[in-house]
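Following: one structure in structure tokens, then a few remarks.
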């Protein structure tokens, strides 16, 4: 009965679909872009109609710079540059770019597709993933146009999954959108992810150029170096704002991806892609033409995640008690897909802008124009100090806080630096809460071991008199450690939809539910408001999103993002806010960014780390990175600070870090201020004096003209040349001493 | 709360039972060293420099990638030799990957699954052509010189599948070939010169016991224990053989002299477990500084010993070993002190999948060959590790002043570097600055060295204050004697009062005095208790039990550092309580039940009062030992242990006496009941453990059911 009903329903839908599609076939016409109409187009399983449409590219629309052309049979499109009349960018791989005939049909389809989906049977528990490509035979594709672009409605026949890709021409390039409402799952399959424009901008292995990845500070994969890579490692995936899979949240080797962007430079042209909506569920996929790659093309694209999966515990009951010692697991998909509009802007760069500097300039403009960056206009180079106040020692039967720096010590040390001429300081106090640094969830009350409320009040008054010293109390409202307690595994920490707490391998670390984190944050803000000279410094919130999939308190990454943003707004409304990280969604609230990376995660496909992060942010918000006292090469780190726009950074204590020998946190190996003060002043004063001309400006270009030399060009015409080599180097008319840097004015504005 | 305490106690007990002898290191993000099984963060010691993925400037039509390479060697001219296993070739290249030579055959036979290479000082190449069961000698240009098959020797008659894997060679042409648990020595004429370096397998008590009771058939089927096998070897510039093995007892890193004796630091002793037990008995239960080569790690719930695959050594005897299993590199100085640990598995630059070989060039750059990735990654030493290497080398060469200066420099960049503290401690000790030495040794967490410095400090102090010390000792002795006499008299008065019913009922205070009298007049006191049924109290016994536990806990935190028997961070209060109460009450219950079966007359209250009173020696002597430990050093740990044993024996004596007197047993009867009670106690614990396991399983099953039900509703 049910089957008959389904057949009738499908038949009706087919008729409706056919009648609508026949109206749309042939020459494209302008149609209403309202998605209600799109939905009606998609409400059938689709009938192949490839023969009915021409296999040539037809012009869809154009603006002053570009013309958008489309091949309606497979939905492939290309962009013609009007000035040169050359095809600048193509969504499908052409025969000129790559000998497609060498490939299998599956790869041919993939290379022609505007979208490729990964899907799975809705009853699957074994992770049997399937893939479908929009250009494959049998799929239904219809193209409708509107004034500035077109909609490509795709029905993947075997998966019975439909979606619409809307492509609009803009002054900079393209704006591509997948409306959430357009996604329909009509069969027995679940959509997991969509690879959007997987071969857009793909480059041959012989081409000049690179792919820019926003991993850490930013890194480049040069096409010329791909041949020397490991022969099997042909791809890398970058989850924007931390691991999207809950099971990966505690894995080692996490990559820090703060921006939902990537770029491809091919010859004298470049493509820059930026997710402007739906960034919380975005993965960046980079594929390289290494020796054993199935297709020798270098490419990058976004993989848009549409469904959560989770591990389910197949207990002994399921395994028939055959192996009671082995725990068996399966994978299940959530029934609901993630309903989120996805919008991506592709900018085409050429000439002097066709490089990663141009991409950084483009992204900075985007952030500023959309009010996404808190442009604090840094006027002077600050000294960034992090004071490690203390941590608890575990004596088995009891725990005791050991203070490495008291609040009074902070006041004295800050006064000493102030007296030595350091006016601008960005200070973060770590481990100040009741039980020190490692005990989480933190109890937001000044520890008596560091001076308690009375000394906090004194320090607050002292800081009130020092205008350019910004001090932040570090808050961690997201982490929880098992051995201390103070939270409930059932109610307070995030869990999978399979009701397992998300934890590390040792089952000692957990993440607090965003709701619980909000409660903690609100209580913390009450305290920090009491001490109004302090700002708040937040860990995790400025860098990582995660989801809690327990039904009763379900919150996905997008909602977590909104939650974090509201917390940040609350924190920044009354006081200044510092963030450990610089996720794109958090930048508008940040007055200071600390603990930023100085490199990428150095994946084997990466060839050259670039300071892309600081090129976007320098001049807008002060930044600090790695601590000078915890490096094995301070001379090199000093140059890296300058190249990465970082303030000189140190983690200090009043007492020797040997006190922390038996503490949970024992990463400090030298931090005693008495040992470091003189050296810090020397480094800082030298940097302040020499870098004065480049304060309150932005970086417009970065290049490495020769090995070991970096040159930064600033918007005010000044340049900084940095020499990492052990020998003196020359750049133009400038001579840069070994392991040093020079500042000069290139253009008088 | 009680439930939590109980579960903590149980989990603590099981953890102690299951994890004895295992180290649980915490994996840090950065580079580190290990001090007494604790990770200590250090500045970067080695930094990733570059990767060689493909052969550069190779002849046309050459396979540019490695296929499951097996060995790597760096010669004196800093050329790299890669044994490219699956490609059946040997590649010689410069350190930047520029190909110099590719060898595929020798003496007309193509290489077959080669696994090891060694290049002599004169440039001659020795390749272990494993598949062809030969060692091939070639000159620096790859010209064939000679090949060596299986040497002719009756001692090798059993070796049917001769397949040389790893090889090292002296300047005189003597070859050392890896043969499982042995290193085979072969001279330049291919004459067998014997096996060296076999690890002693030691005495196994269980095996010995099984062999006594097993039949001949069973003995045949018992697995023959073999010595730990070697993984790789190398001959250093000092002519010594540096090798890695799977020897978990003595340690996985060995430096063998020409007769095969391991002259390197030993991680442990291969003495029999009985000898170890006796040694522990004589020396008392104090903590010794733990050390092992590599790390024991837990992967997916299972513990794994280090798998040190390869070894590299420099001119100064700095040894670097590679753990294939956890992809980590450990560097030790010539005395076996750990300098640095780095490396991890992963897909990033500087990370490994299956690292199989490590080599060091003359500049100190380390090269790591990865079999899975088919690449070589280079790591350059930082200024920090160079400084450490210089300091430790200076110290090992006897240049103490220079070493101290260098250690001070190390401390300027790493205040927590353990070896620097050891170095500073050693220098201070030599300069007779024992206070500083003690402080440094304490940071280094070496109780033996600390105690040595303490002994010197104590000697100096006693020399300077001899008169006052004698005076204080005399006063103390007088005070102690007076106190004992007073206690004896006072307790005797209470006993008398109790006997003559001046005290109709024991109260808490009088109960304590009765317990005290048991120390001086045990039989008399116990007989009084036996005839005083219904006049006893539990309160004094409980107080004594509590006092015993409290004094133990206080002792843990206040005993002199060298005499600590547990690391403070590992103290489990619940476990300490259980350690005292569980045996006490088990003994109480079993002796009562078994005693009653043998016609015993005692009641539970009598036994409880007597047994708790018997605990008094522990409660009294533990604080005395704690105080005494403050002036003792580890050389006197025998005395300390004897006092401890005395208190236990005294307690045991009082318990047995209590059992005898309260039940009116003969000596033979008492011994019989005591033995049966002990066995019953063990049985009781076993049943409890079984019950716990069963309950745990049932709980797990119910949890499974609930989870299934909840998942079905998701």
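Protein chains in written order, with the numbering used here: chain S, 1 to 749; chain D, 1001 to 1714. Beta carbons are placed, not taken as given, at the ideal position from N, Cα and C, and that holds for glycine.
One Cα belongs to residue 1110/D, the other to residue 1097/D, and the distance between them is close to 24 Å. Around the beta carbon of residue 126/S, fewer than 16 other beta carbons sit within 10 angstroms, so the residue counts as exposed. Rounded to the nearest whole angstrom, the C-alpha separation of residue 502/S and residue 337/S is 21 Å.
Of the other Cβ atoms in all chains shown, 16 or more fall within 10 Å of the Cβ of residue 1541/D; this residue is therefore buried. Per DSSP, the continuous beta strand (DSSP E) segment holding residue 1194/D begins and ends at 1192-1196. By alpha-carbon distance to residue 1432/D, the top candidate from 1152/D, 1611/D, 1452/D, 1636/D is 1452/D. In this structure the stretch 1304-1322 of chain D lies against the stretch 1231-1243 of chain D, because at least three pairs of beta carbons, one per stretch, are closer than 8 Å. Contact of residue 1572/D with chain S is assigned, a C-beta pair being separated by under 8 Å. Look at the beta carbons and you see the stretch 214-234 of chain S touching the stretch 1362-1379 of chain D: at least three pairs across the two are nearer than 8 Å. Only residues of its own chain outside the window of five on either side were considered, and among them 1186, 1190, 1191, 1192 have a CB closer than 7 Å to the CB of residue 1151/D, listed in chain order. Fewer than three pairs of CB atoms, one per stretch, sit closer than 8 Å, so the stretch 121-135 of chain S makes no contact with the stretch 214-226 of chain S.
When secondary structure is reduced to three states using DSSP, residue 1078/D falls in the coil class, being assigned neither helix nor strand. Taking the Cβ atoms as the reference, residue 1462/D lies roughly 52 Å from residue 1594/D, outside the contact range of under 8 Å. Setting aside the 5 residues that flank it on each side, residue 89/S is surrounded in the same chain by 78, 79, 200, 201, 271, 348, each with a C-beta closer than 7 Å to its C-beta; the list follows chain order. Identification of chain D residues near residue 662/S by a Cβ-Cβ cut-off of 7 Å yields 1569, ordered along the chain. Within the stretch 261-292 of chain S, contact with chain D at the beta-carbon level (separation under 8 Å) is assigned to 291.
DSSP, read as helix, strand or coil, puts residue 1311/D in strand.
The beta-carbon separation of residue 592/S and residue 578/S, rounded to 4 Å, stays under the 8 Å limit for a contact. Minimum Cα-Cα distance from residue 1426/D among the listed residues 1399/D, 1503/D, 1321/D corresponds to 1399/D. The residues 148, 149, 175, in chain order, have a CB closer than 6 Å to that of residue 168/S in the same chain once the five nearest residues on each side in sequence are set aside. Taking the C-beta atoms as reference points, residue 1392/D is found nearer than 8 Å to residue 1337/D. With fewer than 16 other CB atoms across the displayed protein chains lying within 10 angstroms of its CB, residue 1212/D is exposed. Among the residues facing chain S, residue 1350/D is included, as its CB has a counterpart in that chain under 8 Å away. With at least 16 other beta carbons inside 10 angstroms of its own, residue 498/S counts as buried. Using a CB distance cut-off of 8 Å, residue 1200/D does not count as an interface residue toward chain S. Across the stretch 1333-1348 of chain D, CB contacts with chain S closer than 9 Å involve 1344, 1345, 1346, 1347, 1348, in sequence order along the chain. If you check the CB distance, residue 460/S and residue 531/S come in under 8 Å. CA-CA distance, residue 1494/D to residue 1580/D, rounds to 28 Å. Under the three-state reduction of DSSP output, residue 702/S falls in the strand class. When the alpha-carbon of residue 375/S is set against those of 570/S, 359/S, 589/S, 398/S, the nearest one is in 589/S. For the stretch 387-410 of chain S, the set of positions with a beta-carbon nearer than 7 Å to some beta-carbon of chain D reads 394, 395, 396, 397 in chain order.
Within chain S, no C-beta atom comes less than 7 Å from the C-beta of residue 1310/D; the nearest is roughly 21 Å away. In the three-state DSSP reduction, residue 284/S falls in the strand class (E or B).
For residue 1421/D, the enclosing alpha helix (DSSP H) covers residues 1418-1430.
Annotation note: the stretch 239-280 of chain S contains the following uninterrupted beta strand (DSSP E) runs of length 3 or greater, listed N- to C-terminal: 261-266, 269-277.
Here the alpha carbons of residue 487/S and residue 1702/D stand approximately 24 Å from one another.
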